[in-house]
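Structure record follows, encoded as structure tokens.
Below, the structure written as structure tokens:
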């Protein structure tokens, strides 16, 4: 056996490993869900930045990975053919080539892709940075291929008259639904249902979530008995479980009463089961995510609740599938709402609004106020609290432009009702505490 044959045989496993890395990286990167991206960003910032940068250019990323994969595979089969012919002769070389093909299919395609599809975050943590280095290194080549080869060929082989696809907006779909209803294609109920579904693409998770201040949670030292008690008191069935305080670093999981009851039925309703053994994994969703993306998160992860986080990764609230259902089918009709659940006009240019009124719902009744979105708050109470910078008291006032907000009713530290009035003259944003 010559030195050259030894070198070629030694290179074959390395090339097979590189090919497997290309296959695994492609599968993992293009399979990342929104929840996977959040986990990656929270735990592996460098890998997350590399992955996000590449996924913002999906076609270029695919070109880069395929270039690497084709190069490595070509080198592998060339070396395998030369080594087989020199070591085993003509007949042996044929058998060696067949074995090389099987090794490539199983070791560099099937197994890596199967593993990467299950362990997406782990694979991205390992491969995102090396793939990004290759992606950056061949930037001139992939740009030339994309613009001068791939793009022209895609236009050349596109069906005649197809043209460039134009994105369809929610407004376009809404107009289509209304038109079909006017023409009698859709019944009134069908039109309303489709309109609600279309609204999901414009609603954000922050619009339907339970704000952090209202989230009911359990300590990890509690047992199933405390879980049953708080469920009876609140009527809720899902609760975050934390160690000491509601914090993203102290989360243990989410417990669902409906899944705990069957175990209590077997062990006795008085059994005190530790909560850490009853929780499900925590799923995170950005507050800015769309509601249709939240539904996809629930479907993909087979869960029905998630922790809502803001841009800095801090807990902003809690959202359940019930919140989505309530928004879609409008369970609580406005005619059945109590005075503290709806907006009431109490005078000329003066309204009484609930503190938990969403900023999204606010704009259904009033003109959008400058600063509500910029403040990053989701409720009227949150807006007042943000502007005051302290725990509010009854009578506290906040002035934004020509709109005055006055705290009317408190429940503990929570703002129940806010009196909103329009001032004649717009003034700079100021804030005023209640008179002592």
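Numbering (the working numbering), first residue to last: 24 to 459. Here a beta-carbon is modelled for each residue, glycine too, at the ideal position from N, C-alpha and C.
Looking at residue i: is its Cβ nearer than 9 angstroms to the Cβ of residue j?
| i | j | result |
| --- | --- | --- |
| residue 461 | residue 139 | In the structure as shown, the chain starts at 24 and stops at 459, and residue 461 therefore has no counterpart that could be examined. |
| residue 444 | residue 426 | yes |
| residue 463 | residue 407 | Outside the displayed span of the chain (24 to 459) sits residue 463, for which this structure offers no information. |
| residue 346 | residue 253 | no |
Taking the C-alpha atoms as reference points, what is the distance between residue i and residue j?
| i | j | result |
| --- | --- | --- |
| residue 308 | residue 233 | 13 angstroms |
| residue 371 | residue 336 | 42 angstroms |
| residue 327 | residue 149 | 30 angstroms |
| residue 75 | residue 241 | 35 angstroms |
| residue 54 | residue 141 | 9 angstroms |
| residue 25 | residue 82 | 44 angstroms |
| residue 299 | residue 44 | 37 angstroms |
| residue 31 | residue 106 | 6 angstroms |
| residue 366 | residue 439 | 12 angstroms |
| residue 355 | residue 80 | Any answer about residue 355 is weak, because its pLDDT of 42 lies below 50 and its placement is not dependable; what the coordinates show is given next. Residue 355 and residue 80: Cα-Cα distance of roughly 44 angstroms. |
| residue 361 | residue 303 | At residue 361 the pLDDT is 48, less than 50, meaning the model places this residue with poor confidence and gives no usable figure here. |
| residue 271 | residue 34 | 46 angstroms |
Report the three-state DSSP secondary structure of residue i (helix, strand or coil).
| i | result |
| --- | --- |
| residue 307 | strand |
| residue 417 | coil |
| residue 294 | coil |
| residue 89 | helix |
| residue 242 | strand |
| residue 235 | helix |
| residue 200 | The pLDDT assigned to residue 200 is 48, lower than 50, so where the model puts this residue is not dependable; a value taken from the coordinates is nonetheless given after this. Helix. |
| residue 470 | The chain is shown from 24 up to 459; residue 470 falls before or after that span and cannot be answered. |
| residue 321 | helix |
| residue 180 | coil |
| residue 258 | coil |
| residue 300 | helix |
Out of the options, which has the shortest C-alpha to C-alpha gap to residue i?
| i | options | result |
| --- | --- | --- |
| residue 158 | 78, 333 and 171 | 78 |
| residue 29 | 117, 103, 160 and 440 | 103 |
| residue 98 | 292, 38, 147 and 261 | 38 |
| residue 85 | 35, 69, 166 and 115 | 166 |
| residue 250 | 237, 289, 294 and 369 | 294 |
If I follow the unbroken alpha helix (DSSP H) through residue i, where does it start and stop?
| i | result |
| --- | --- |
| residue 71 | 68-78 |
| residue 374 | Element bounds for residue 374: not the alpha helix (DSSP H) but the beta strand (DSSP E), 373-377. |
| residue 162 | 162-168 |
| residue 508 | A query on residue 508 cannot be resolved here, the shown segment of the chain reaching from 24 to 459 and no further. |
| residue 47 | 26-54 |
| residue 133 | First-last for residue 133: undefined, no H or E at that position. |
| residue 407 | 403-411 |
From which residue to which residue does the beta strand (DSSP E) around residue i run?
| i | result |
| --- | --- |
| residue 442 | 437-445 |
| residue 278 | 274-279 |
| residue 263 | 261-265 |
| residue 312 | No beta strand (DSSP E) holds residue 312; DSSP gives it neither H nor E. |
Are any of the Cβ atoms in chain D nearer than 9 angstroms to that of residue i?
| i | result |
| --- | --- |
| residue 228 | Of the protein chains in this structure there is only one, and it is not chain D. |
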